Amino acid sequence: RETKKGVKGIASNYIHRTKAVRRLQVSLKDFRRLCILKGIYPRDPKKKPHGKDKTYYHIKDIKFLMHEPLLKKFREMKIFLKRHKKALIKREFNEAKILEKTMKPVYNLDHLVKERYPSFIDAIRDLDDPLCMIFLFALLPSETCKGHEAKVSAECLRLAMEFQHWVVK
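In case it helps, the numbering used here puts the sequence shown at residues 1 to 169.
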(Lines of atoms letter the chains of each structure in order from A; the text may use other names.)
(Lines give C-alpha, C1' and ligand atoms only; values in the text may rest on other atoms or scores of the structure.)
Protein backbone atom coordinates (compact mmCIF):
# COMPACT_ATOMS: atom_id res chain seq x y z
CA ARG A 1 0.00 0.00 0.00
CA GLU A 2 1.39 3.39 -1.00
CA THR A 3 1.67 6.04 1.74
CA LYS A 4 0.50 9.59 1.21
CA LYS A 5 2.94 12.42 0.68
CA GLY A 6 3.89 14.21 3.93
CA VAL A 7 2.63 11.47 6.27
CA LYS A 8 5.91 9.67 6.98
CA GLY A 9 9.53 10.73 7.15
CA ILE A 10 11.15 14.15 7.43
CA ALA A 11 8.21 16.02 5.94
CA SER A 12 5.85 14.81 8.67
CA ASN A 13 7.90 16.59 11.35
CA TYR A 14 6.99 20.04 10.02
CA ILE A 15 3.76 21.99 9.73
CA HIS A 16 3.13 25.17 7.78
CA ARG A 17 2.15 28.38 9.55
CA THR A 18 -1.50 28.47 8.47
CA LYS A 19 -2.09 24.96 9.77
CA ALA A 20 -0.31 25.82 13.04
CA VAL A 21 -2.46 28.92 13.53
CA ARG A 22 -5.61 26.85 12.90
CA ARG A 23 -4.44 24.14 15.27
CA LEU A 24 -3.74 26.65 18.08
CA GLN A 25 -7.01 28.54 17.35
CA VAL A 26 -5.42 31.99 17.56
CA SER A 27 -5.03 34.88 15.17
CA LEU A 28 -1.86 35.30 13.15
CA LYS A 29 -0.93 38.34 15.25
CA ASP A 30 -1.24 36.36 18.50
CA PHE A 31 0.67 33.44 16.98
CA ARG A 32 3.56 35.73 16.03
CA ARG A 33 3.55 37.31 19.49
CA LEU A 34 3.54 33.90 21.16
CA CYS A 35 6.40 32.64 18.98
CA ILE A 36 8.50 35.70 19.81
CA LEU A 37 7.85 35.36 23.54
CA LYS A 38 8.60 31.64 23.58
CA GLY A 39 11.62 31.92 21.25
CA ILE A 40 10.21 29.63 18.55
CA TYR A 41 11.51 30.29 15.06
CA PRO A 42 10.45 28.95 11.66
CA ARG A 43 12.54 26.09 10.27
CA ASP A 44 13.71 25.27 6.77
CA PRO A 45 12.98 21.56 6.18
CA LYS A 46 14.76 19.62 3.45
CA LYS A 47 11.48 18.40 1.96
CA LYS A 48 8.66 20.92 1.92
CA PRO A 49 5.38 19.03 1.49
CA HIS A 50 3.08 22.03 0.92
CA GLY A 51 5.22 24.21 -1.31
CA LYS A 52 8.42 26.21 -1.16
CA ASP A 53 6.74 29.55 -0.48
CA LYS A 54 5.32 28.55 2.94
CA THR A 55 6.79 29.09 6.40
CA TYR A 56 7.33 25.86 8.35
CA TYR A 57 7.50 25.17 12.09
CA HIS A 58 8.57 22.00 13.85
CA ILE A 59 5.56 20.00 15.03
CA LYS A 60 7.07 19.62 18.52
CA ASP A 61 7.27 23.41 18.86
CA ILE A 62 3.57 23.73 18.01
CA LYS A 63 2.66 20.99 20.50
CA PHE A 64 4.79 22.85 23.04
CA LEU A 65 2.79 26.03 22.36
CA MET A 66 -0.52 24.20 22.82
CA HIS A 67 0.13 23.82 26.54
CA GLU A 68 1.25 27.42 27.08
CA PRO A 69 -0.72 29.33 29.77
CA LEU A 70 -0.28 32.55 27.77
CA LEU A 71 -2.56 31.10 25.10
CA LYS A 72 -5.42 31.08 27.61
CA LYS A 73 -4.62 34.66 28.62
CA PHE A 74 -4.65 35.81 24.98
CA ARG A 75 -8.11 34.29 24.58
CA GLU A 76 -9.32 35.95 27.79
CA MET A 77 -7.97 39.29 26.55
CA LYS A 78 -9.89 38.92 23.28
CA ILE A 79 -13.11 38.20 25.19
CA PHE A 80 -12.52 41.21 27.42
CA LEU A 81 -11.85 43.51 24.46
CA LYS A 82 -15.06 42.36 22.74
CA ARG A 83 -17.15 43.03 25.85
CA HIS A 84 -15.44 46.36 26.51
CA LYS A 85 -15.93 47.52 22.92
CA LYS A 86 -19.58 46.44 23.01
CA ALA A 87 -20.16 48.45 26.21
CA LEU A 88 -18.52 51.53 24.68
CA ILE A 89 -20.61 51.24 21.50
CA LYS A 90 -23.77 51.04 23.60
CA ARG A 91 -22.48 54.13 25.46
CA GLU A 92 -22.52 52.26 28.79
CA PHE A 93 -19.42 53.96 30.19
CA ASN A 94 -20.00 52.82 33.78
CA GLU A 95 -20.27 49.22 32.60
CA ALA A 96 -17.02 49.65 30.63
CA LYS A 97 -15.22 50.99 33.73
CA ILE A 98 -16.50 48.10 35.84
CA LEU A 99 -15.35 45.64 33.17
CA GLU A 100 -11.92 47.27 33.11
CA LYS A 101 -11.54 47.02 36.88
CA THR A 102 -12.89 43.51 37.37
CA MET A 103 -12.45 41.51 34.19
CA LYS A 104 -9.33 42.82 32.47
CA PRO A 105 -6.91 39.89 32.37
CA VAL A 106 -3.39 40.47 33.60
CA TYR A 107 -0.69 38.10 32.45
CA ASN A 108 2.84 37.97 33.71
CA LEU A 109 5.85 36.68 31.87
CA ASP A 110 7.77 35.41 34.89
CA HIS A 111 7.60 31.77 33.81
CA LEU A 112 9.01 32.70 30.38
CA VAL A 113 11.99 34.49 31.92
CA LYS A 114 12.65 31.56 34.27
CA GLU A 115 12.32 29.13 31.38
CA ARG A 116 14.70 31.04 29.12
CA TYR A 117 17.19 31.95 31.85
CA PRO A 118 17.23 29.24 34.55
CA SER A 119 20.25 30.79 36.28
CA PHE A 120 21.60 34.31 36.72
CA ILE A 121 24.69 33.47 34.65
CA ASP A 122 22.45 32.53 31.68
CA ALA A 123 20.76 35.93 31.92
CA ILE A 124 24.12 37.74 32.05
CA ARG A 125 25.34 35.83 28.97
CA ASP A 126 22.38 37.07 26.96
CA LEU A 127 22.70 40.68 28.11
CA ASP A 128 24.92 41.88 25.26
CA ASP A 129 22.14 42.42 22.66
CA PRO A 130 19.86 44.59 24.82
CA LEU A 131 22.82 46.59 26.11
CA CYS A 132 24.02 47.27 22.57
CA MET A 133 20.54 48.55 21.68
CA ILE A 134 20.40 50.76 24.79
CA PHE A 135 23.79 52.31 24.09
CA LEU A 136 22.85 52.76 20.41
CA PHE A 137 19.59 54.55 21.25
CA ALA A 138 21.39 56.67 23.85
CA LEU A 139 23.83 57.94 21.21
CA LEU A 140 21.32 58.44 18.36
CA PRO A 141 19.90 61.93 17.88
CA SER A 142 16.15 62.06 18.43
CA GLU A 143 15.34 63.05 14.81
CA THR A 144 17.12 60.04 13.26
CA CYS A 145 14.42 57.36 13.54
CA LYS A 146 10.65 57.47 13.37
CA GLY A 147 9.23 57.01 16.86
CA HIS A 148 12.56 57.82 18.52
CA GLU A 149 11.83 60.79 20.75
CA ALA A 150 14.08 62.79 23.03
CA LYS A 151 12.64 61.18 26.17
CA VAL A 152 13.44 57.69 24.81
CA SER A 153 17.00 58.81 24.17
CA ALA A 154 17.25 60.31 27.67
CA GLU A 155 15.84 57.13 29.24
CA CYS A 156 18.36 54.98 27.33
CA LEU A 157 21.19 57.28 28.39
CA ARG A 158 20.07 56.95 32.03
CA LEU A 159 19.94 53.14 31.74
CA ALA A 160 23.38 53.06 30.11
CA MET A 161 24.85 55.19 32.90
CA GLU A 162 23.20 53.01 35.57
CA PHE A 163 24.67 49.89 33.99
CA GLN A 164 28.14 51.45 33.85
CA HIS A 165 27.89 52.41 37.53
CA TRP A 166 26.78 48.86 38.37
CA VAL A 167 29.79 47.41 36.48
CA VAL A 168 32.21 49.77 38.26
CA LYS A 169 30.94 48.68 41.68
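Here a beta-carbon is modelled for each residue, glycine too, at the ideal position from N, C-alpha and C. Note that the structure is a prediction, hence the values are computed from the model and not measured.
Sorting 108, 18 and 50 by C-alpha distance to the C-alpha of residue 12 places 50 at the top.
Where residue 58 is concerned, there is no enclosing alpha helix (DSSP H), although the beta strand (DSSP E) around it starts and stops at 56 to 58. Less than 8 Å separates the beta-carbon of residue 38 from that of residue 68. Counting along the chain, the unbroken beta strand (DSSP E) around residue 16 starts and ends at 14 to 16. When DSSP states are grouped into helix, strand and coil, residue 43 belongs to the strand group.
Secondary structure at residue 77: helix, using DSSP grouped into helix, strand and coil. Taking the Cα positions, residue 46 is about 8 Å away from residue 10.
With respect to the C-alpha of residue 7, the residue from 59, 35, 120 and 128 having the closest C-alpha is 59. The shortest C-alpha to C-alpha distance from residue 87 to any of 99, 78, 66 and 77 is the one to 99.
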